[in-house]
Amino acid sequence: MTMRTTTIQERQQKSWFRSMATLSLLLFLVLQIFLLSMYSSSVAFMMQLGDVTLRSFDAPYFGMTADYGIKKEPTVTSLTPTTLFREEYFSEEDGILKGILSTKPKSFFKRFQQDIDNFEMEERCHRYGFSMKAKDGQPERPNRRIYYGALIADEPWELLDIIATETHGIFEGMVFVESNRTQMLFERPIKRANKQKYIDQFKEMFGVEKLQIREYANEESTATGLVRENNQRAEILKGWKELGMTKDDVGYIADMDESFTRDFLRAVQQCPYVEYFDYEAHKCVNSLGKSRLVGATRVFESSPECVTKYRKWYHPDMIIGACVEEIGDDSVHPRAPRSDGLYRDEGWARSGSDVQNLPDNSSYPLHSAGDFRMLGGGSMVGSREPNSSGHSAFHLHNFFADFNTTRYKYLTYGHPDRQALKKPLEDLHVDIRLLVRCVYNETDGPINSDADYDERQDFQRVEGGLDTNHPVFPIYFHDEDYRRRKHDAISRLVKEDEYSRMKRLNLTTEELEMDVFTQRFREAKRFVWAHEARVQAFRQKVKEKAQAL
């Protein structure tokens, strides 16, 4: 028999095949271990409430045993933590929610207020593009008076405390307007309007002497939606007039969850020349973009730690008194007719070239309270400093969340979503999606129209929360204890909502595991998208460097 000699090449091939087989076996074992850990994690889904990196719950915290069997009645244990949390978050005073309030004394915030007030004026004015050179005949150091106006309803004291801390001692006069009905005509009790107790409390909170909380009552069935809202805002202008506002003063209208920063408000008051408040420069012509100043507004989604990235909301707004109804001269600037009760009629400067019904080019209409927020032609003004986020205001969006109310709103309002009580919270609205992923510290979805709709986001968040990003943020957020308690409260509400959803679905153990795996699969997809985006960005940088050589 002829013996065949094994060549070196063949021995190398066999060795390579053995190595590959061993590697394949190792990879298979690793995959099995990974899947087993995923299965074990899903069974423990309802544990460890405090770990926001997982979609998980502490069973005893919610009054359930570890053997949570979704089809069974939960075993009640101690509910003290839940009770204490809800007592703080949902506590009331005269039927008005308190929210999460800072426990710091006023002196803690006063030093931040004073530091801002004492900034060097030239540096402050330069920050927002305002000139240090006054017009001929105008004071070198003006002290412009600002009149504030907002609609008020059931906002908790927490929200008012944040705004008051930012603006204390700033305003010449303030007007709040409370309605006896909602925009859809549902009756609501008047809680603060015309009550001396609250007028005095507001005066102390905001550091202002001239202040009104007016009541708006309108029983007309046609006064709904934005028409009712703008009619209610018109009361602000009447209040300003009663408080003594003149054509040289600045009108400032906001929603209660919006505010210019203290630094920006001081710039508006003190900078020698601000073209938006130079009546002679624009004569109320909205198409020039100079008759209305608009905030470049940073958005915080439900928590100080959930900061939207690259987003600039476009309210609140300011207009010089000479261009505001009730304050300006309507013999020069007639009021625009509004057949729909809302927008200016055609031909009355509804848009830039829509001026055929104006008496002449200097007779643009005065701005209504609704025009502050709805008319085109304003200009956004933000910080120009290199180390700033570029904002000049902040918006505390959904800052007092009640997700039961949120779900029923989507179930019954406007275009009802029949799955609103069954969907994960993040699938109700794109802004809530950002909040939920912030709370669980999950990967943001892509800002990409080609991505799956359920994963896509209009905006992503600043990773790491408030500590990792540039100013601007409210003075109130310097209280780290408040920020921690607020974020913890929102996190617990999100998790309680998910727990309640699971109970409503009445899932079997297998169905629950499938729901958990689905959630984790969605997170894995978002993680891959985010990784691919980073790789693409890196490749682009390498390409640009190579082209520069």
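In terms of the numbering used here, the sequence shown opens at residue 460 and continues consecutively.
Note that CB positions come from ideal geometry on N, CA and C, so glycine has one too.
The beta carbon of Arg866 sits closer than 6 Å to the beta carbons of Ala879 and Leu880 from its chain, once the five residues preceding and following it are set aside; these are given in chain order. Rounded to whole angstroms, Val709 and Lys749 show a C-alpha spacing of 14 Å.
For Tyr675, the enclosing beta strand (DSSP E) stretches over residues Lys669 to Tyr675. The C-beta of Pro933 has 16 or more other C-beta atoms within 10 Å across all chains shown, which makes the residue buried. Sequence-distant Cβ neighbours of Phe986 in its own chain, meaning closer than 8 Å and more than five residues away, are Thr902. In the structure shown, Val709 falls within a strand segment according to DSSP collapsed to helix, strand and coil. Three or more Cβ pairs drawn from the stretch 565-581 and the stretch 725-734 lie within less than 8 Å of each other, which places the two stretches in contact. Annotation: the continuous alpha helix (DSSP H) that includes Arg721 extends over Arg721 to Gln729. Rounded to the nearest angstrom, the Cβ distance from Ala795 to Asp804 is 6 Å, consistent with a contact under 8 Å. A residue is called buried when at least 16 other Cβ atoms come within 10 angstroms of its Cβ; Gly754 meets this threshold and is buried. Residue environment analysis places Asp926 among the exposed positions, since fewer than 16 neighbouring C-beta atoms fall within 10 angstroms of its C-beta. Here the alpha carbon of Trp699 sits roughly 8 Å from the alpha carbon of Met633. Contact between the stretch 670-683 and the stretch 635-655 is present: three or more C-beta pairs spanning the two stretches fall below 8 Å.
For the pair Arg942 and Gln916, the CB atoms are not nearer than the 8 Å cut-off. Residue pairing from DSSP leaves Gln691 without any beta-bridge partner.
In the DSSP assignment, Met633 falls outside any alpha helix (DSSP H) and within the unbroken beta strand (DSSP E) covering Gly632 to Ser638. Within the stretch 825-867, the complete alpha helix (DSSP H) runs of at least 4 residues fall at 830-833. Between Val953 and Leu887, the gap from beta carbon to beta carbon reaches 8 Å or more.
Rounded to the nearest angstrom, the Cβ distance from Leu724 to Thr626 is 7 Å, consistent with a contact under 8 Å. In the DSSP assignment, Val994 falls within the unbroken alpha helix (DSSP H) covering Thr968 to Ala1007. Comparing C-alpha distances from Pro930 to each of Pro763, Asp714 and Ala992 shows the shortest one belongs to Pro763. Taking 8 Å as the cut-off, the beta carbon of Val889 is found no closer than this to the beta carbon of Ser950. Exclusion of the five residues before and after Leu556 leaves Pro615 as the residues of its chain whose Cβ lies within less than 6 Å of its Cβ. The shortest CA-to-CA distance from Ala623 to any of Asn965, Phe568 and Leu685 is the one to Phe568.
Secondary-structure assignment with DSSP links Ser590 through a beta bridge to Tyr732. With respect to the C-alpha of Pro824, the residue from Ala808, Ser812 and Asn639 having the closest C-alpha is Ala808. For Asp788, the secondary structure class from DSSP, reduced to helix, strand or coil, is coil. The residue among Lys1000, Tyr738, Phe571 and Glu646 with its C-alpha nearest the C-alpha of Ala781 is Tyr738. Of the candidates Gln691, Asp620, Ser822 and Ser680, the residue whose Cα lies closest to the Cα of Glu663 is Asp620.
Per DSSP, Leu893 is one residue of the alpha helix (DSSP H) stretching across Val889 to Val898. In the three-state reduction of the DSSP assignment, Gly754 falls in the strand class, which pools E and B. With distances taken between CA atoms, Ala713 lies nearest to Asp830 out of Asp830, Leu966, Ser761 and Cys743. In the displayed model, Lys962 falls within a helix according to three-state DSSP. Runs of the alpha helix (DSSP H) spanning 4 or more residues and lying entirely within the stretch 548-585 occur at 565-576, in chain order. In this structure, Met715 sits away from Tyr606, with a CB-CB distance that is not shorter than 8 Å. Annotation: Thr681 to Gly800 spans about 10 Å, alpha carbon to alpha carbon.
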